[in-house]
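Heads up, the thing below is written out as structure tokens.
Residue numbers (my numbering): 689 to 909.
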């Protein structure tokens with residue numbers, strides 16, 4: 689039957705090859721391989737990761753958040769939160785709702801931003817509930833020597849006790865605290881060297897604030 693040779697009922701060998709699956713390897717351009725598959729799906733947003741913006745609250749321990757974001761993260765007013773930023777740095781604060789603050793932002797004071805590893809506005813920080821924080825039995829706080837050269841008062845009685853008194857401030861090891869000497873207007877910077885229990889605690893009325901030790905060089909920051 690000559691019609692079969694002219695492309696009748698049976699397909700020619702060339703047509704069969706044309707319809708075969710393409711098992712050839714991906715096209716290589718230089719050192720890159722062009723993937724023929726679909727583009728990867730974008731990663732879902734991380735609800736705990738927020739962009740830092742300057743706080744509008746004067747209290748350095750306050751962390752401002754959008755009320756809906758607080759609800760999403762199961763946070764309530766005055767809860768203690770754990771902040772984790774770059775360089776493995778972390779600190780703690782007290783969360784408060786702020787009207788008009790976008791859900792993807794968190795308001796931090798300059799001191800808290802520094803303690804969380806944020807160097808500029810827009811840096812990312814992760815916010816978590818911190819239900820395991822307890823009242824401290826003792827915290828060791830030492831000043832930086834370059835900020836107490838002209839201070840001749842009592843660090844504990846004149847600066848730290850008013851800062852902590854009745855405020856139940858949470859602190860973490862490695863935090864920098866900035867307190868103002870009312871007699872001169874100068875700012876004295878101190879480092880939280882150690883907390884008991886370790887890592888972080890709340891400074892309560894019964895917490896011993898230990899200032900025994902030599903002032904620290906700035907390299908300890």
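For each residue, glycine too, the CB sits at the ideal point set by N, CA and C.
Inter-residue Cα distance where the pair is residue 889 and residue 819: 11 Å
Assigned secondary structure, residue 832 (DSSP; H/G/I helix, E/B strand, else coil): Of the three classes helix, strand and coil, the one that applies to residue 832 here is strand, per DSSP.
Start and end residues, beta strand (DSSP E) containing residue 866: 864-868
7 Å CB neighbourhood of residue 905 in its chain, flanking five on each side removed: Here the set comprises 833.
Bridge partner(s) assigned by DSSP for residue 843: Answer is none; residue 843 lacks a bridge partner.
Minimum length 3: unbroken beta strand (DSSP E) runs contained in the stretch 729-757: With a minimum length of 3 residues, the continuous beta strand (DSSP E) runs that stay inside the stretch 729-757 are 737-742 and 750-753.
Same chain only: Cβ atoms within 6 Å of residue 825, ignoring 5 sequence neighbours per side: 884
Nearest neighbour of residue 761, chosen from 802, 817 and 887 [CA to CA]: 817
Stretch pair the stretch 856-867 + the stretch 778-785: three plus CB contacts closer than 8 Å: yes
At least 3 beta-carbon pairs within less than 8 Å: the stretch 841-851 vs the stretch 735-745: no
Cut-off 7 Å between Cβ atoms - residues of its own chain near residue 729, not counting five sequence neighbours on either side: none
Uninterrupted beta strand (DSSP E) stretches inside the stretch 776-813 (no shorter than 3 residues): 778-785 and 793-796
Per-residue DSSP class, three states only, for residue 904: In the structure shown, residue 904 sits in a strand (DSSP, three-state: E or B).
Enclosing beta strand (DSSP E) for residue 858 [first to last residue]: 857-860
Closest by C-alpha distance to residue 902, when choosing among 864, 828, 862 and 872: 828
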